[in-house]
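Novice: Protein chains in written order, with the numbering used here: chain A, 216 to 330; chain B, 859 to 972.
Backbone N, C-alpha and C define an ideal beta-carbon position, used for all residues, glycine too.
Before I ask anything, let me first share the structure, which is written out below as structure tokens.
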């Protein structure tokens with residue numbers, strides 16, 4: 216069974232640019248969450264999507280946005296990049312019913328470097 | 859608000875020694891607790907989870923954790939460390955009413971030396 220797939224794995228951008236990251240969840244998982252991981256702030260929740268609707272959002276500025284498609288694939292976008300946006304962005308998918316609800320399966324992440 | 863505190867950002871043990879990684883949580887409701895492991899340049903992998911079924915939870919790779927409500931703790935242990943256990947470990951609590959949102963601790967980096 217294929218795991219959570221994130222693309223691209225690595226990317227370099229310059230300040231002011233925008234970036235789009237993609238996440239394909241495990242087949243059957245309808246919930247997709249995004250986390251930012253940095254050495255200073257650790258793992259921070261960005262947002263969660265379920266059935267194409269954002270149902271929870273963390274404390275990030277509006278430059279961070281996301282969406283989910285009908286096949287549960289998700290993208291997140293960061294506009295007007297800042298140096299502080301350099302991080303590992305992790306996507307996680309999950310069942311939304313049954314005994315394993317809430318158990319997150321993570322992808323390997325997209326490492327963004329902003330110069 | 860719920861929170862997780864991991865005591866010790868770095869832990870070093872000898873191969874074959876007991877591994878003990880500490881996690882304390884704060885929650886006003888019965889918590890759902892998790893331990894994840896992260897190897898270099900990889901995502902997080904679930905080690906084990908507590909969902910109120912049993913206080914002693916067994917996970918993968920020989921790890922286990924005990925939920926102690928009186929101490930608000932969920933420490934991770936392994937009787938005998940292996941070199942391959944070297945990684946970063948994260949304790950997390952599922953936010954009450956937050957759907958699948960997890961609140962993570964700062965992490966503990968485990969080093970295993972021969």
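Quick check: what's the CA-CA separation for residue 300(A) versus residue 329(A)?
Specialist: One-based indexing of the first chain puts residue 300(A) at position 85. One-based indexing of the first chain puts residue 329(A) at position 114. C-alpha separation (whole angstroms): 7 Å.
Novice: Which residue or residues does DSSP assign as beta-bridge partners of residue 284(A)?
Specialist: One-based indexing of the first chain puts residue 284(A) at position 69. Its beta-bridge partners do not exist; DSSP assigns none.
Novice: Is DSSP giving residue 901(B) helix, strand or coil here?
Specialist: Against the second chain, residue 901(B) aligns to sequence position 43. Here residue 901(B) sits in coil by DSSP.
Novice: Give the straight-line distance between the Cα atoms of residue 867(B) and residue 967(B), rounded to the nearest whole angstrom.
Specialist: Here residue 867(B) refers to the residue found at position 9 of the second chain. Here residue 967(B) refers to the residue found at position 109 of the second chain. Each residue's alpha carbon lies about 6 Å from the other.
Novice: Is the beta carbon of residue 305(A) less than 8 Å from the beta carbon of residue 902(B)?
Specialist: Here residue 305(A) refers to the residue found at position 90 of the first chain. Here residue 902(B) refers to the residue found at position 44 of the second chain. Contact: yes.
Novice: Who are residue 325(A)'s beta bridge partners in DSSP?
Specialist: Walking along the first chain from the start, residue 325(A) turns up at place 110. Beta-bridge pairing links residue 325(A) to 304(A).
Novice: List the DSSP bridge partners of residue 880(B).
Specialist: Here residue 880(B) is taken as the residue at index 22 of the second chain, counted from 1. Answer by DSSP bridge pairing, in chain order: 865(B).
Novice: Just confirm the distance between the C-beta atoms of residue 327(A) and residue 230(A), as a whole number of angstroms; I'd bet it's less than 8 Å.
Specialist: Mapped onto the first chain, residue 327(A) falls at position 112. Mapped onto the first chain, residue 230(A) falls at position 15. Not really, about 12 Å apart at Cβ, beyond 8 Å.
Novice: What is the rounded straight-line gap between the Cα of residue 253(A) and the Cα of residue 289(A)?
Specialist: Working through the first chain from its first residue, we reach residue 253(A) at position 38. Working through the first chain from its first residue, we reach residue 289(A) at position 74. Straight-line Cα distance between these residues: approximately 21 Å.
Novice: Listed from N- to C-terminal order along the chain, which residues in the stretch 294–324 of chain A have their beta-carbon within a distance smaller than 7 Å of any beta-carbon of chain B?
Specialist: Here the close residues are 305, 309, 317, 318, 319, 321, 322, 323, 324.
Novice: Would you grab the beta carbon distance between residue 177(A) and residue 265(A) for me? Rounded to a whole angstrom, and I think it's under 8 Å.
Specialist: Coverage of chain A is limited to positions 216 through 330, which leaves residue 177(A) absent and any answer about it impossible.
Novice: Suppose you measure from the CA of residue 859(B) to the CA of residue 865(B); what does that come to, to the nearest Å?
Specialist: One-based indexing of the second chain puts residue 859(B) at position 1. One-based indexing of the second chain puts residue 865(B) at position 7. Each residue's alpha carbon lies about 19 Å from the other.
Novice: Using a cut-off of 9 Å between C-beta atoms, extract the partners of residue 248(A) located in chain B.
Specialist: For the purposes of this step, residue 248(A) is taken as the residue at position 33 of the first chain. By Cβ distance, chain B contributes 957, 958, 959, 960.
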